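Q: Take this structure, written in structure tokens, and hold onto it; I'll ask about it next.
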Amino acid sequence: MAKPLPSGRSWSLVAASAGLGGRWPRPLCPGPAGRGAASSRGAEQRLKGAEELPGPGALHSLYWLVLRGYLLHTHRLQVISKRNYGPMWKSTFGSYKNVNIGSPEVLAQLLRQEGKYPIRSDMAVWKEHRDKRHLPYGPFTEDGERWHRLRQVLNQRMLKPSEAVLYAGAINEVVSDLMVRLQDERAGSPSGVLVRDVANVLYRFALEGISYILFETRIGCLQLQIPAKTQHFIDSIGLMLKNSLFVSFLPQWTRAWLPFWDRYLQGWDTIFAFGKTLIDRRMEELEGQLERGEEVSGYLTYLLASGRLSREEVYGSIAELLLAGVDTTSNTLSWALYHLAQEAEIQEAVHQEVTSAVPRGHIPDAADLTKMPLLRAVIKETLRLYPVVPTNARIIAEKDVVVGGYLFPKDTLFVLAHYALSHDETSFPDPERFLPRRWLREHSPSHHPFSSIPFGYGVRACVGRRIAELEMHLALARLIQTFTVRPDPQGAEVKPLARIVLVPDKPIDVELIDRRAGP
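Counting with this note's numbering, you get residues 776 to 1294 for the letters of the sequence shown.
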């Protein structure tokens, strides 16, 4: 089993989400990498050190987070910091410090130097659970050569668009159940059309979809009466995520006195136990199918039959993959419906696009999506406005790097300020407006490729990106094909909050008007 990162690489997840994590690198002096970079830029140019970066001090950071109330609005603090300090700045929170990247050009410089084994960010509390329970690391907790080997296996049957299409049938099956669930929600409202807290329904849809792909079995998230074991599993995911905030932020000595650590461990224990039960069941079924000479397929079947991972490694990987795509799919679809409800012209244009691509009475499939550029642009624009993870991080552990005229030693923590990047008016005029057509070639010049990268970049990019995109596109196509989406007449403006992931600050309620009732 891989060892946890040394304590010098640990930082608070809360601090990192604010652009306020990490430890300052050691004093800088140009080594071979620095000298080579300097000579290529001209001998007369001096590379600066991290200590020369502009940025707020510890007290100033505390002032913004606590006194100014930005602890749950750290995404907006990114925008303020970039405006005040420029495309790259340092920040401090107690003993934790980082180098923040808010420019697509500087970000490109950094990520193109990340090497073969980049460290995405510190997952210390996740690793503590694995170590305490003697469980293997997965794709988010593993590092180095072991991580690389794991990703090589997991990437198969998932990352290529041609491979993701293989799951379109399973996803559409779950989308059909989502439509039934939404009809039930409408019918239960006083008006007969209102769906309250649509994000909750879409969360269950996303969890059912990724579970169906990973476990190759339905777990009942969209049933009117959710099975007790599945409900306990859903509750445990929320329990783990909620308490991970506290255990990341609070000193370890508080664990004996406060309940958060035990609740956090209990949440993970249930997640692993639920996954293990389904994986073991599928393993028994697979053995029987192979004995009978039956053809087998599916993602879990591939992992179990490949012989490249132990069953324990499959347990660890599936548990982490399961959590990776749920918030992306559910939050993005929720925000997309929120904006389409308010933008009748854009919604109607998307509807015309869907009906032109899909004959009346037919269900949209993966091939139809190629004829829906505006629908895909709606998802891109939603991810730009609301990047699910507004802050990410990189540690380049293999070498010193030169970024933006500064020399940083290996193991420096770089915070990727995705929200500030995607809300920069230089890259995106009117950055706060929902303008999906900005992504269409005929309406806008091309954007810098690093101005909005909600799924990450390079070898550490999201392994489930293609599956999440397919889920969002197929679900949105069916929703717009079936319903006219309108805002709740009694609803208020909804804004994002940063709780590691970007979430709505209040429930998103929408009216869904059945299009089939019309002419």
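Every residue, glycine too, gets a C-beta built ideally from N, C-alpha and C. Note that the coordinates shown come from a computational prediction; the quantities given were computed from them, not determined experimentally.
List the whole-angstrom C-beta distance separating threonine 1104 from alanine 981, where the pair is believed to meet the contact cut-off of C-beta under 8 angstroms.
A: Residue numbering aside, residue 1104 sits at position 329 when the sequence shown is read from its first letter. Residue numbering aside, residue 981 sits at position 206 when the sequence shown is read from its first letter. That pair is a contact at about 4 angstroms.
Q: Taking the straight line between their C-alpha atoms, what separation do you get for tryptophan 986 and arginine 979?
A: Along the sequence shown, read from residue 1 onward, the residue named residue 986 stands at position 211. Along the sequence shown, read from residue 1 onward, the residue named residue 979 stands at position 204. The displayed chain sequence assigns serine, not tryptophan, to residue 986. Taking the straight line from one Cα to the other gives about 10 angstroms.
Q: Taking three-plus beta-carbon pairs below 8 angstroms as touching, is the region 926 to 941 in contact with the region 1061 to 1079?
A: With a cut-off of 8 angstroms, the region 1061 to 1079 and the region 926 to 941 count as touching, because enough Cβ pairs lie within range.
Q: Under the three-state reduction of DSSP, which class applies to lysine 865: helix, strand or coil?
A: Reading the sequence shown from its first residue, position 90 is the one you call residue 865. Strand at lysine 865.
Q: Distance check for leucine 1033 and histidine 848, CA to CA, integer angstroms please.
A: As a first step, residue 848 must be located in the sequence shown, where it is residue number 73. As a first step, residue 1033 must be located in the sequence shown, where it is residue number 258. In a straight line, the C-alpha of histidine 848 is about 26 angstroms away from that of leucine 1033.
Q: Taking just the CA atoms, how far does glutamate 1128 sit from leucine 1306?
A: Residue numbering for the chain in the displayed model covers 776 to 1294; residue 1306 lies beyond these limits and cannot be assessed.
Q: Within the same chain, show all residues whose beta-carbon is closer than 7 angstroms to that of phenylalanine 1047, passing over the 5 residues directly before and after it, in chain order.
A: Locating residue 1047 in the sequence shown gives position 272, counting from the first residue. Excluding sequence neighbours, phenylalanine 1047 sits near Leu910, Tyr1090 and Ala1094.
Q: Are the region 1221 to 1232 and the region 1248 to 1256 touching by the rule of at least three beta carbon pairs closer than 8 angstroms?
A: The region 1221 to 1232 vs the region 1248 to 1256: no contact.
Q: Name the two residues that bound the continuous beta strand (DSSP E) containing glutamate 1286.
A: Indexing the sequence shown from 1 puts residue 1286 at position 511. It spans 1285 to 1289 - the beta strand (DSSP E) in which glutamate 1286 sits, taken as one unbroken run.
Q: Rounded to a whole number of angstroms, what is the C-alpha to C-alpha distance between methionine 776 and tyrosine 1113?
A: The count along the sequence shown starts at 1 and reaches residue 776 at position 1. The count along the sequence shown starts at 1 and reaches residue 1113 at position 338. The pLDDT assigned to methionine 776 is 42, lower than 50, so where the model puts this residue is not dependable, and the model offers no usable value.
Q: Identify whether proline 1134 lies in helix, strand or coil by the three-state DSSP scheme.
A: Working through the sequence shown from its first residue, we reach residue 1134 at position 359. The answer is coil: DSSP assigns proline 1134 none of H, G, I, E or B.
Q: Taking the alpha helix (DSSP H) that proline 1279 falls in, what are its first and last residues?
A: The residue you call residue 1279 lines up with position 504 of the sequence shown. That residue, proline 1279, is in no alpha helix (DSSP H); its beta strand (DSSP E) goes 1276 to 1279.
Q: In whole angstroms, what is the alpha-carbon distance linking isoleucine 1295 and valine 1278?
A: No information on residue 1295 is available, as it lies outside the stretch 776 to 1294 that the chain covers here.
Q: Taking just the CA atoms, how far does leucine 925 sit from glycine 963?
A: Locating residue 963 in the sequence shown gives position 188, counting from the first residue. Locating residue 925 in the sequence shown gives position 150, counting from the first residue. Those two C-alpha atoms are separated by around 46 angstroms.
Q: Below 6 angstroms CB to CB, which residues in the same chain sit around proline 1206 once its five sequence neighbours on both sides are set aside?
A: Stepping through the sequence shown from its first residue, residue 1206 is reached at position 431. Only His1198 and Glu1200 meet the Cβ criterion.
Q: What residues in its chain sit with their C-beta under 6 angstroms from that of arginine 816, if we drop five residues either side in the sequence?
A: Reading the sequence shown from its first residue, position 41 is the one you call residue 816. With a pLDDT of only 45 at arginine 816, under 50, the local geometry of the prediction cannot be trusted, and no value is derived from it.
Q: Within the same chain, show all residues whose beta-carbon is closer than 6 angstroms to that of valine 1176, passing over the 5 residues directly before and after it, in chain order.
A: For the purposes of this step, residue 1176 is taken as residue 401 along the sequence shown, with counting starting at 1. Answer for valine 1176: Gln888 and Phe1183, listed in chain order.
Q: How would you write the range of the alpha helix (DSSP H) that phenylalanine 1258 sits in, first residue to last?
A: The residue labelled residue 1258 in the question sits at position 483 within the sequence shown. Taken as a continuous stretch (DSSP letters only), phenylalanine 1258 belongs to no alpha helix (DSSP H), being part of the beta strand (DSSP E) at 1258 to 1262.
Q: Using C-beta distances below 6 angstroms, list every residue in its chain close to leucine 803, excluding the 5 sequence neighbours before and after it, in chain order.
A: Translated into the one-based positions of the sequence shown, residue 803 becomes position 28. Only weak support is given to the placement of leucine 803: the predicted model assigns it a pLDDT of 40, under 50, and the value that follows is read from those uncertain coordinates. Correct list, in chain order: Gly824 and Leu1182.
Q: Looking only at its chain, what residues have a beta carbon closer than 6 angstroms to the beta carbon of glutamate 1088, apart from the 5 residues adjacent to it on each side?
A: For this step, residue 1088 is matched to residue 313 along the sequence shown. Cβ within range, chain order: Pro911.
Q: Using CA coordinates, which residue listed in Arg908, Thr1107 and Ile894 is at the minimum distance from arginine 1151?
A: For the purposes of this step, residue 1151 is taken as residue 376 along the sequence shown, with counting starting at 1. That would be Thr1107, whose Cα lies nearest to the Cα of arginine 1151.
Q: Just to confirm, are isoleucine 946 and leucine 1249 a CB contact at a threshold of 7 angstroms?
A: For the purposes of this step, residue 946 is taken as residue 171 along the sequence shown, with counting starting at 1. For the purposes of this step, residue 1249 is taken as residue 474 along the sequence shown, with counting starting at 1. The answer is yes: Cβ separation under 7 angstroms.
Q: Is the distance from the Cβ of leucine 885 to the Cβ of phenylalanine 1189 below 7 angstroms?
A: The residue labelled residue 885 in the question sits at position 110 within the sequence shown. The residue labelled residue 1189 in the question sits at position 414 within the sequence shown. Cβ atoms of leucine 885 and phenylalanine 1189: closer than 7 angstroms.
Q: Looking at the secondary structure, which residues open and close the beta strand (DSSP E) in which alanine 1192 lies?
A: Reading the sequence shown from its first residue, position 417 is the one you call residue 1192. That run of the beta strand (DSSP E) goes 1188 to 1192.
Q: DSSP has proline 1282 in a bridge; who is on the other side?
A: Against the sequence shown, residue 1282 aligns to sequence position 507. DSSP, once it has assigned bridges, lists no residue as partnering proline 1282.
Q: Do glutamate 1246 and glycine 984 come within 7 angstroms of each other at the CB atom, strictly closer than that value?
A: Counting from 1 along the sequence shown, the entry for residue 984 is found at position 209. Counting from 1 along the sequence shown, the entry for residue 1246 is found at position 471. For glycine 984 and glutamate 1246, yes; Cβs fall inside 7 angstroms.
Q: Under 7 angstroms Cβ to Cβ from leucine 1287, same chain only, skipping five residues before and after it: list those, please.
A: The residue given as residue 1287 occupies position 512 in the sequence shown. Hits under 7 angstroms: Leu957, Arg961, Val968, Val970, Phe1258 and Val1260.
Q: Count the other CB atoms within 10 Å of the CB of glutamine 1064; is the residue buried (16 or more) or exposed (fewer)?
A: The residue labelled residue 1064 in the question sits at position 289 within the sequence shown. It is exposed - the Cβ of glutamine 1064 has fewer than 16 other Cβ atoms within 10 Å.
Q: Output the distance between the C-alpha atoms of glutamate 880 and aspartate 1037, rounded to the nearest integer angstrom.
A: If you number the sequence shown from 1, residue 880 lands on position 105. If you number the sequence shown from 1, residue 1037 lands on position 262. If I take the Cα positions, the gap works out to 43 angstroms.
Q: Valine 970 bridges to which residues according to DSSP?
A: Here residue 970 is taken as the residue at index 195 of the sequence shown, counted from 1. Answer is Val1285, bridged to valine 970.
Q: Which residues in the same chain as glutamate 1173 place their Cβ atom closer than 7 angstroms to its Cβ, once the five residues preceding and following it in sequence are excluded?
A: Within the sequence shown, the letter at position 398 stands for residue 1173. Excluding positions up to five away in sequence, the list reads Gly890, Tyr892 and Lys1185.
Q: Express the C-alpha separation of proline 1224 and isoleucine 1054 in angstroms, rounding to a whole number.
A: What you label residue 1054 is simply residue 279 of the sequence shown in a count that begins at 1. What you label residue 1224 is simply residue 449 of the sequence shown in a count that begins at 1. About 39 angstroms.
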